[in-house]
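Input: a single structure, listed below in structure tokens.
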Amino acid sequence: MVRNALTCPKFAWIIMLGLGGIDLVRGFVHTVLLEYAAINIFVLDFSGGVDNQMFLLGIFGISNYLTGILYILIGLKARALVPIILPIIPALYFLGNAIITRVATPTAHLGGGPYMLIYFALCIMTFLAILVVNVTKRTENK
């Protein structure tokens with residue numbers, strides 16, 4: 068094992084499992100409850116391009132199933148990756164948002180936004196807690 072590698076405390080991989088579960092729920096909402104989500108959560112403007120909007124919302128739901136399963140597998144079988152993936156999750160969403168908003172400005176309500184901010188905060192706080200645990204352990208071992 069690399070001497071400077073971050074170890075993954077139990078709470079971190081349990082949180083990764085929870086994030087996987089949340090993504091599975093998000094996938095369900097974006098696919099099975101697609102029409103409800105589009106009208107009541109995302110608040111899409113149905114004045115034009117409804118089929119394309121619903122299709123894209125549903126496709127996003129499929130990717131939520133994938134990330135949910137991957138996060139659960141990481142939490143169960145590849146715990147050493149948890150400290151690596153946690154900061155990547157919000158970083159990629161924020162980068163993607165910055166790129167997308169250069170060419171598209173959403174008019175929808177984006178009702179899931181506040182929940183995603185909590186999701187990102189959980190990723191960041193867990194990563195910071197992992198750093199604290201690792202620094203504390205190294206300090207105690209010296």
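68 is the number of the first residue of the sequence shown in this note's numbering; add one for each residue after it. Positions of the beta carbon are idealized from the N, C-alpha and C atoms, including for glycine.
Applying the criterion that 16 or more other CB atoms from any shown protein chain within 10 Å of the CB defines a buried residue, is residue i buried or exposed?
i, result
"threonine 193", "buried"
"phenylalanine 78", "exposed"
"arginine 93", "buried"
"methionine 68", "Caution is warranted here: a pLDDT of 45 is assigned to methionine 68, below 50, making its placement in the model unreliable, and no coordinate value can be reported."
"glycine 180", "exposed"
DSSP three-state label for residue i, please.
i, result
"isoleucine 197", "helix"
"leucine 73", "coil"
"phenylalanine 113", "coil"
"lysine 204", "helix"
Which residues mark the beginning and the end of the alpha helix (DSSP H) in which residue i is found?
i, result
"threonine 98", "77 to 98"
"aspartate 118", "117 to 144"
With 9 Å set as the bound, which would you pick, yes or no: does the beta-carbon of residue i sit closer than that to a beta-carbon of chain D?
i, result
"valine 149", "The structure shown contains no chain D; it holds only a single protein chain."
Just to check my reading of the structure: residue i and residue j have Cβ atoms closer than 8 Å, yes? What is that Cβ distance to the nearest angstrom?
i, j, result
"leucine 195", "isoleucine 139", "Leucine 195 to isoleucine 139, Cβ: 22 Å. No contact."
Secondary structure, alpha helix (DSSP H): runs of 4+ residues fully inside the segment 146 to 178:
149 to 167
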